[in-house]
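Numbering (the numbering used here), first residue to last: 21 to 133.
Notes follow once the structure below has been shown.
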């Protein structure tokens, strides 16, 4: 997910459940959670029955990696793997090289906790 003042929030890529859609309101909530610090970091939130863990790259790169968890998953169990895969994604933004890595990154998450 990326945000800019002209187009607002945009989803750059999805993997595994491409049919899963977060509302614009939920995307703005994610943005707001990270907005105040402007620094990289991880946070989590529940929106209805949707359990969300997010990594924000900080304002220099200004990307968000969003992980949708099962409702009963503990977000803290996934913080380490989210930080790891987020770094891989951010290192491969050029020419969208990260897109080909999404299946293996998803596997790493699936094998976590």
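Think of the CB as a built atom: it goes at the ideal place given N, C-alpha and C, for glycine as much as any other residue.
- Linking residue 62 to residue 78 through their CA atoms gives a straight-line distance of about 10 Å.
- In the displayed model, residue 43 falls within coil according to three-state DSSP, outside both helix and strand.
- With 16 or more other CB atoms across the displayed protein chains lying within 10 angstroms of its CB, residue 85 is buried.
- With contacts defined by Cβ atoms closer than 7 Å, residue 53 and residue 29 do not form a contacting pair.
- Residue 24 is bridged by DSSP to 28.
- Per DSSP, reduced to three states, the secondary structure at residue 64 is strand.
- Going by DSSP, residue 102 is part of the alpha helix (DSSP H) stretching over 99-111.
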